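The block underneath contains the structure these notes are about, expressed in structure tokens.
2 protein chains.
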Amino acid sequence: MLTLARSCRQTCFPALSTTERDESANVGIRKVTARDQSVEGTPYVITTRDIADRLGVSVSTVGRALADDPRISEETKFRVRQAASEMGYVGNRAARMMRGASSNVVALVIPDIRNSFYSTIAHELSKNMEAEGFQLMLSETDDDRTAELRHLRELSANRVAGIIIVPTARPHGESVKLLRAVPHLQLLRRHPSLGSQWFGVDDHEALRRATAHLVAQGHTRVAYLGGPEELPTGAERLRGFRDALREGGLPDDAGRAELGPPSSVDHGRETVRRLLTSKDAPTALVLGSIQLTLGVLEELSRQGVKVPGELSVVGFGDEPGFSWWGPGLTTIGLPIQEMATGCALWLMRRLKTKPSHDGPYTSVSPGSLILRGSTAPPDGRAAPRSS
Amino acid sequence: MLTLARSCRQTCFPALSTTERDESANVGIRKVTARDQSVEGTPYVITTRDIADRLGVSVSTVGRALADDPRISEETKFRVRQAASEMGYVGNRAARMMRGASSNVVALVIPDIRNSFYSTIAHELSKNMEAEGFQLMLSETDDDRTAELRHLRELSANRVAGIIIVPTARPHGESVKLLRAVPHLQLLRRHPSLGSQWFGVDDHEALRRATAHLVAQGHTRVAYLGGPEELPTGAERLRGFRDALREGGLPDDAGRAELGPPSSVDHGRETVRRLLTSKDAPTALVLGSIQLTLGVLEELSRQGVKVPGELSVVGFGDEPGFSWWGPGLTTIGLPIQEMATGCALWLMRRLKTKPSHDGPYTSVSPGSLILRGSTAPPDGRAAPRSS
DNA sequence: CAGCTGCGTGCTAACGTTAGCATTGCTGGA
DNA sequence: TCCAGCAATGCTAACGTTAGCACGCAGCTG
Numbered sequence: 000m001l002t003l004a005r006s007c008r009q010t011c012f013p014a015l016s017t018t019e020r021d022e023s024a025n026v027g028i029r030k031v032t033a034r035d036q037s038v039e040g041t042p043y044v045i046t047t048r049d050i051a052d053r054l055g056v057s058v059s060t061v062g063r064a065l066a067d068d069p070r071i072s073e074e075t076k077f078r079v080r081q082a083a084s085e086m087g088y089v090g091n092r093a094a095r096m097m098r099g100a101s102s103n104v105v106a107l108v109i110p111d112i113r114n115s116f117y118s119t120i121a122h123e124l125s126k127n128m129e130a131e132g133f134q135l136m137l138s139e140t141d142d143d144r145t146a147e148l149r150h151l152r153e154l155s156a157n158r159v160a161g162i163i164i165v166p167t168a169r170p171h172g173e174s175v176k177l178l179r180a181v182p183h184l185q186l187l188r189r190h191p192s193l194g195s196q197w198f199g200v201d202d203h204e205a206l207r208r209a210t211a212h213l214v215a216q217g218h219t220r221v222a223y224l225g226g227p228e229e230l231p232t233g234a235e236r237l238r239g240f241r242d243a244l245r246e247g248g249l250p251d252d253a254g255r256a257e258l259g260p261p262s263s264v265d266h267g268r269e270t271v272r273r274l275l276t277s278k279d280a281p282t283a284l285v286l287g288s289i290q291l292t293l294g295v296l297e298e299l300s301r302q303g304v305k306v307p308g309e310l311s312v313v314g315f316g317d318e319p320g321f322s323w324w325g326p327g328l329t330t331i332g333l334p335i336q337e338m339a340t341g342c343a344l345w346l347m348r349r350l351k352t353k354p355s356h357d358g359p360y361t362s363v364s365p366g367s368l369i370l371r372g373s374t375a376p377p378d379g380r381a382a383p384r385s386s
Numbered sequence: 000m001l002t003l004a005r006s007c008r009q010t011c012f013p014a015l016s017t018t019e020r021d022e023s024a025n026v027g028i029r030k031v032t033a034r035d036q037s038v039e040g041t042p043y044v045i046t047t048r049d050i051a052d053r054l055g056v057s058v059s060t061v062g063r064a065l066a067d068d069p070r071i072s073e074e075t076k077f078r079v080r081q082a083a084s085e086m087g088y089v090g091n092r093a094a095r096m097m098r099g100a101s102s103n104v105v106a107l108v109i110p111d112i113r114n115s116f117y118s119t120i121a122h123e124l125s126k127n128m129e130a131e132g133f134q135l136m137l138s139e140t141d142d143d144r145t146a147e148l149r150h151l152r153e154l155s156a157n158r159v160a161g162i163i164i165v166p167t168a169r170p171h172g173e174s175v176k177l178l179r180a181v182p183h184l185q186l187l188r189r190h191p192s193l194g195s196q197w198f199g200v201d202d203h204e205a206l207r208r209a210t211a212h213l214v215a216q217g218h219t220r221v222a223y224l225g226g227p228e229e230l231p232t233g234a235e236r237l238r239g240f241r242d243a244l245r246e247g248g249l250p251d252d253a254g255r256a257e258l259g260p261p262s263s264v265d266h267g268r269e270t271v272r273r274l275l276t277s278k279d280a281p282t283a284l285v286l287g288s289i290q291l292t293l294g295v296l297e298e299l300s301r302q303g304v305k306v307p308g309e310l311s312v313v314g315f316g317d318e319p320g321f322s323w324w325g326p327g328l329t330t331i332g333l334p335i336q337e338m339a340t341g342c343a344l345w346l347m348r349r350l351k352t353k354p355s356h357d358g359p360y361t362s363v364s365p366g367s368l369i370l371r372g373s374t375a376p377p378d379g380r381a382a383p384r385s386s
């Protein structure tokens with residue numbers, strides 16, 4: 000079948016006699032290229048030209064028929080579609096892109112997909128974009144700005160239509176330049192140099208509420224375990240923690256902040272172990288990342304620490320296991336789903352309309368504190384401010 | 000700077016006098032295209048031609064210099080690279096692909112990225128491929144074969160280099176056709192029509208061992224809660240469950256299989272509720288998917304069911320919360336990481352070499368049973384075979 | 001000094017698709 | 001009868017990059 004179609008190329012000389020040019024030897028005969036000599040049976044990708052040759056029409060007609068151009072007769076359209084389907088034609092987006100069309104790929108640049116926070120976002124994003132015909136490219140930075148740069152280079156080379164990024168602490172200058180050329184949206188974390196298009200939660204308020212809850216219960220030695228101040232979210236959460244203590248009328252040394260890698264479960268485990276054995280151990284603990292929470296819960300379970308008797312705990316995020324952990328974990332619930340949907344809708348709108356009115360700064364509510372059983376007023380034995 | 004470079008195009012007539020052809024009016028002058036009239040300040044993507052114009056060399060030279068072609072002098076290479084960097088040139092992979100080069104994108108087609116099983120695979124895959132310069136495209140099917148087809152169409156149009164797919168139960172015929180044109184690898188689930196390249200765990204053996212563990216403890220009323228038989232993995236796991244019972248010398252009605260949507264946490268919750276209240280309630284339960292396990296654990300916690308006193312449970316997969324759930328969940332540990340790494344390596348090798356020797360059927364070990372506290376011999380009150 | 005070699009570079013075509021313009025054949029009105 | 005107008009389709013260039021071939025020049029040998 001293919002062979003037939005291909006040999007047709009050499010035998011059809013459309014309108015050779017009617018066009019009266021001098022050197023007509025070169026007219027109406029498609030030059031024979033390397034493609035034509037492909038061996039029978041070799042895997043071969045069907046193009047519009049293959050369809051055109053088979054039907055004895057031009058590539059333009061095929062292209063227009065497939066694009067449902069009103070100028071093409073219904074009968075031709077039918078034949079073209081039929082042939083395309085039979086031959087297994089699949090349009091080549093690379094070629095389409097070269098004609099100025101944009102790609103249908105949106106990239107999501109995140110630290111780690113295993114973090115359920117990000118996988119939920121990826122899922123919602125993907126779901127929302129599929130309806131618009133977009134595909135999702137996934138890039139993991141592992142919070143390493145050089146990996147981030149590597150990915151952004153690839154994404155630029157691939158001419159992705161848009162990028163949703165959870166930036167690293169201090170992106171490379173080249174990353175900033177690359178992002179400028181693509182519609183993009185910062186998610187959760189916000190870095191000034193990457194523009195003002197941002198979508199995230201009010202980290203300050205979230206931590207402020209969580210801490211205030213503990214302070215209201217009478218805790219006077221509260222620890223916070225979270226990401227580094229270098230990270231915008233880290234700084235905001237820490238600020239929320241400190242502000243809540245201050246607003247609660249507690250002295251500066253009532254709060255103890257342990258900052259470290261936010262994506263490390265191990266770090267959570269080790270830090271809580273250290274906290275518990277230190278003198279003046281806190282009676283309450285607020286957490287500032289999901290991974291740290293996972294580590295802390297594991298360690299507390301392993302050591303059999305009485306919660307909330309010995310230690311009150313407020314977690315971060317809400318994982319399936321949090322509800323059945325010990326007495327149930329009181330935790331900072333984040334509106335992940337709404338956030339992801341918001342992101343997707345913003346980007347879809349941005350990609351479909353001209354960049355006329357890019358309203359800066361978008362943020363959603365800080366999420367609510369989910370009250371379960373892991374917090375209570377401090378035990379009598381743990382005398383407040385015994386130092 | 001850009002304006003200077005552009006105006007150069009009109010003023011440079013390289014070697015016009017030396018080439019002595021008759022109608023030289025058309026020689027050495029690049030035709031002016033729409034691109035050249037772009038307004039000053041309009042966002043503009045740099046191409047090799049822009050660099051060539053600025054340096055007064057040809058596009059070929061620029062292309063070769065950037066590709067580090069040995070024929071180009073070191074000095075020219077330096078100048079080109081410098082200019083490219085200054086102007087922020089980023090190669091256009093769509094154009095490169097049109098010259099027969101393959102894309103650097105590999106797609107992962109899975110039911111749902113929120114399932115930690117798949118997110119781990121995505122992570123490992125991404126990590127392994129980044130080193131080789133590949134990007135990861137993510138497609139979620141939600142176990143819907145029409146969504147699967149939609150995604151495969153897009154992936155084909157985008158000419159992805161390879162596909163790793165967890166197929167739905169019965170893929171559309173077109174999906175099969177589309178996959179045939181792309182190097183692909185089935186993951187976990189295996190559908191015969193999609194070829195023999197497969198990577199997964201020995202589901203039969205995994206469930207056999209888990210069930211045998213319960214039988215060895217003396218349970219005679221064991222329930223299995225898993226995905227539908229229609230799914231290859233569902234069928235295998237069910238078979239493993241049944242075989243273990245038979246090998247344990249139990250009658251056919253000792254086992255009770257509850258099959259349903261494997262990705263539904265709710266289904267797990269509801270089914271275990273039904274199981275517990277039914278007459279002849281089982282004394283042991285084996286699970287056949289992560290999501291179902293999550294639902295079951297939640298419900299058992301909520302109802303305060305005594306495990307392993309009232310019910311022994313063997314879970315599926317190993318999530319962070321499984322170790323701290325109740326007495327600790329005995330569960331079927333899967334070698335996810337090795338599996339993902341194996342996939343990545345196979346595909347990378349497949350993409351770099353000609354498809355000469357595609358060894359069919361690859362599988363990894365069934366994983367080990369992780370023993371914790373959720374299984375024990377049945378309680379005296381639960382008399383064996385009281386019916 | 002002619003011819004050869006090799007180095008460095010330029011020209012051109014090709015990849016698959018699409019948009020603008022040209023061309024053909026036909027119908028209907030002047 | 002002839003041409004305007006229309007419907008249907010063809011031709012061509014263009015997108016950005018790369019590979020093959022051609023070309024000019026310098027240095028070398030005979």
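These protein sequences, in sequence, are chains A and B.
Going by numbering that gives the first Met the number 0, the letters in the first sequence line up with residues 0 to 386, in that order.
Going by numbering that gives the first Met the number 0, the letters in the second sequence line up with residues 0 to 386, in that order.
Idealized CB from N, CA, C, for every residue including glycine.
Remember, predicted model here, so these are calculated numbers, not experimental data.
Query raised in the report: Three-state secondary structure (DSSP) at residue 312/B?
Result: Mapped onto the second sequence, residue 312/B falls at position 313. Three-state result, residue 312/B: strand.
Requested in this report: Give me the Cα-Cα distance between residue 141/B and residue 123/A, rounded to the nearest whole angstrom.
Outcome: On the second sequence, position 142 is the one that residue 141/B refers to. On the first sequence, position 124 is the one that residue 123/A refers to. Each residue's Cα considered, the two are about 12 Å apart.
Requested in this report: Can you grab the Cα-Cα spacing for the pair residue 377/A / residue 283/A, in whole Å?
Outcome: As a first step, residue 377/A must be located in the first sequence, where it is residue number 378. As a first step, residue 283/A must be located in the first sequence, where it is residue number 284. Those two C-alpha atoms are separated by around 8 Å.
Query raised in the report: To the nearest angstrom, how far is it from the Cα of residue 138/B to the Cα of residue 121/A?
Result: Locating residue 138/B in the second sequence gives position 139, where the first residue counts as 1. Locating residue 121/A in the first sequence gives position 122, where the first residue counts as 1. C-alpha separation (whole angstroms): 10 Å.
Query raised in the report: Whose Cβ in chain B lies nearer than 9 Å to the Cβ of residue 349/A?
Result: One-based indexing of the first sequence puts residue 349/A at position 350. Near residue 349/A there are no residues of chain B at all, since even the closest Cβ is about 14 Å away, more than 9 Å.
Query raised in the report: Three or more beta-carbon pairs under 8 Å between the segment 318-332 of chain B and the segment 73-83 of chain B, yes or no?
Result: no
Query raised in the report: Counting pairs of beta carbons, one from the segment 126-135 of chain A and one from the segment 178-197 of chain A, are three or more of them closer than 8 Å?
Result: no
Requested in this report: Can you give me the Cβ contacts of residue 190/B inside the same chain, cut-off strictly under 7 Å, excluding the 5 residues immediately before and after it?
Outcome: As a working note, residue 190/B is residue 191 in the second sequence. Within the same chain, residue 190/B has close Cβ partners 166, 170 and 231.
**Report entry** Interface residues of chain A facing residue 134/B [CB-CB closer than 9 Å]
**Finding:** Here residue 134/B is taken as the residue at index 135 of the second sequence, counted from 1. Going along chain A in sequence order, the residues near residue 134/B (Cβ under 9 Å) are 106, 136, 137, 138, 150, 153, 154 and 157.
**Report entry** Whole-angstrom C-beta distance between residue 338/B and residue 200/B, which should lie under 8 Å
**Finding:** Along the second sequence, read from residue 1 onward, the residue named residue 200/B stands at position 201. Along the second sequence, read from residue 1 onward, the residue named residue 338/B stands at position 339. Confirmed, Cβ separation roughly 7 Å.
Query raised in the report: Apart from the five residues just before and just after residue 102/A, which ones in its own chain have a Cβ nearer than 8 Å to its Cβ?
Result: Taking the first residue of the first sequence as position 1, residue 102/A is located at position 103. Closer than 8 Å at the Cβ level, and outside the excluded window around residue 102/A, lie 92, 96, 157, 158, 159 and 160.
Query raised in the report: How should residue 72/B be labelled, buried or exposed, when 16 other C-beta atoms within 10 angstroms of its C-beta is the threshold for buried?
Result: To locate residue 72/B, count along the second sequence from 1; it is residue 73. Exposed, since its Cβ has fewer than 16 Cβ neighbours within 10 Å.
Requested in this report: List the residues of chain B whose Cβ lies closer than 8 Å to the Cβ of residue 112/A, in chain order.
Outcome: One-based indexing of the first sequence puts residue 112/A at position 113. Going along chain B in sequence order, the residues near residue 112/A (Cβ under 8 Å) are 112, 118, 121, 122 and 125.
Query - Cross-strand partners of residue 134/A (DSSP beta bridge) - result: One-based indexing of the first sequence puts residue 134/A at position 135. Per DSSP, 104/A.
Requested in this report: Please list the partners that residue 89/A has in chain B, where partner means a Cβ-to-Cβ separation under 9 Å.
Outcome: For the purposes of this step, residue 89/A is identified with residue 90 of the first sequence, where counting begins at 1. Chain B residues near residue 89/A: 152, 155, 156, 158, 177 and 180.
Query raised in the report: Is residue 265/A near residue 294/A, with beta carbons less than 8 Å apart?
Result: For the purposes of this step, residue 265/A is identified with residue 266 of the first sequence, where counting begins at 1. For the purposes of this step, residue 294/A is identified with residue 295 of the first sequence, where counting begins at 1. In contact: residue 265/A and residue 294/A (Cβ atoms closer than 8 Å).
Requested in this report: Could you say which of 203/A, 207/A and 174/A lies nearest to residue 194/A if we only look at CA atoms?
Outcome: In the first sequence, residue 194/A corresponds to position 195, counting from 1. Distances from the CA of residue 194/A to each of 203/A, 207/A and 174/A were compared; the closest alpha carbon is that of 174/A.
Query raised in the report: Who are the Cβ neighbours of residue 21/A in its own chain at under 7 Å, not counting the five residues just before and after it?
Result: Your numbering for residue 21/A matches position 22 in the first sequence. Low confidence applies here, because residue 21/A scores a pLDDT of 37, under 50, leaving its location unreliable; read the following figure in that light. None.
Report task. State yes or no: is the C-beta of residue 368/A within less than 8 Å of the C-beta of residue 208/A? Result -> Taking the first sequence and counting its residues from 1, one reaches residue 368/A at position 369. Taking the first sequence and counting its residues from 1, one reaches residue 208/A at position 209. Yes. Within cutoff.
Query - For residue 373/B and residue 328/B, believed in contact at Cβ under 8 Å, the rounded distance - result: Residue mapping note: residue 328/B aligns to position 329 of the second sequence, counting from 1. Residue mapping note: residue 373/B aligns to position 374 of the second sequence, counting from 1. The pair is a contact, with the Cβ atoms about 5 Å apart (cut-off 8 Å).
Query raised in the report: Cα separation between residue 57/A and residue 49/A?
Result: Locating residue 57/A in the first sequence gives position 58, where the first residue counts as 1. Locating residue 49/A in the first sequence gives position 50, where the first residue counts as 1. Answer to the nearest angstrom: the Cα atoms are 10 Å apart.
**Report entry** Three-state class that DSSP yields for residue 350/B in the structure shown
**Finding:** Along the second sequence, read from residue 1 onward, the residue named residue 350/B stands at position 351. Three-state result, residue 350/B: helix.
Query raised in the report: Can you name the start and end residues of the beta strand (DSSP E) that residue 221/B belongs to?
Result: Working through the second sequence from its first residue, we reach residue 221/B at position 222. For residue 221/B, the enclosing beta strand (DSSP E) starts and ends at 221-225.
Query raised in the report: What separation, rounded to the nearest whole angstrom, lies between the Cα atoms of residue 153/B and residue 348/A?
Result: Sequence index remark: in the second sequence, residue 153/B carries index 154 (1-based). Sequence index remark: in the first sequence, residue 348/A carries index 349 (1-based). Each residue's alpha carbon lies about 21 Å from the other.
Query raised in the report: For residue 268/A, which residues of its own chain have a beta-carbon under 8 Å away from its beta-carbon, when the five flanking residues on both sides are left out?
Result: Looking up residue 268/A in the first sequence gives position 269. Once the five neighbours on either side are set aside, the close Cβ partners of residue 268/A are 294, 295, 297 and 298.
Query raised in the report: Given residue 210/B, which residues of its chain have a CB within under 6 Å of its CB, disregarding the five upstream and five downstream residues?
Result: Position 211 of the second sequence, counting from 1, holds the residue named residue 210/B. Excluding sequence neighbours, residue 210/B sits near 240, 243 and 285.
Query - Where the segment 162-174 of chain A meets chain B: residues whose CB sits under 7 Å from a CB there - result: none
Query - Contacts of residue 280/B in chain A (Cβ-Cβ under 9 Å) - result: Residue 280/B sits at position 281 when you count from the first residue of the second sequence. Ordered by position in chain A, no residue passes the 9 Å Cβ test against residue 280/B, which lies about 21 Å from the chain.
Report task. Pick out whichever of 258/B, 310/B and 273/B has its Cα sitting closest to the Cα of residue 288/B. Result -> Against the second sequence, residue 288/B aligns to sequence position 289. Checking every option, the nearest Cα to that of residue 288/B belongs to 258/B.
Requested in this report: Could you tell me which uninterrupted alpha helix (DSSP H) segments, each at least 4 residues in length, are contained entirely in the segment 145-218 of chain B, listed from first to last along the chain?
Outcome: Complete alpha helix (DSSP H) runs here, min 4: 172-179 and 202-215.
**Report entry** Where residue 139/A sits in the DSSP three-state scheme
**Finding:** In the first sequence, residue 139/A corresponds to position 140, counting from 1. Three-state DSSP puts residue 139/A in a strand.
Report task. Could you tell me whether the Cβ atoms of residue 151/A and residue 177/A are closer together than 8 Å? Result -> One-based indexing of the first sequence puts residue 151/A at position 152. One-based indexing of the first sequence puts residue 177/A at position 178. For residue 151/A and residue 177/A, yes; Cβs fall inside 8 Å.
Report task. Specify the secondary structure class of residue 66/B as computed by DSSP and reduced to three states. Result -> For the purposes of this step, residue 66/B is taken as the residue at position 67 of the second sequence. The answer is coil: DSSP assigns residue 66/B none of H, G, I, E or B.
Query raised in the report: Using a Cβ-Cβ distance under 8 Å, would residue 283/B count as near chain A?
Result: Counting from 1 along the second sequence, the entry for residue 283/B is found at position 284. Answer no: the Cβ-Cβ gap between residue 283/B and chain A never drops below 8 Å.
Requested in this report: Would you mind telling me which residues of chain B sit closer than 9 Å to residue 337/A, beta carbon to beta carbon, in chain order?
Outcome: Indexing the first sequence from 1 puts residue 337/A at position 338. Residue 337/A does not reach chain B, its nearest Cβ partner there being about 16 Å away, counting only Cβ pairs nearer than 9 Å.
Report task. Could you check which residue in 116/B, 143/B, 149/B and 105/B has the C-alpha nearest to that of residue 131/B? Result -> As a working note, residue 131/B is residue 132 in the second sequence. The option with the nearest alpha carbon to residue 131/B is 105/B.
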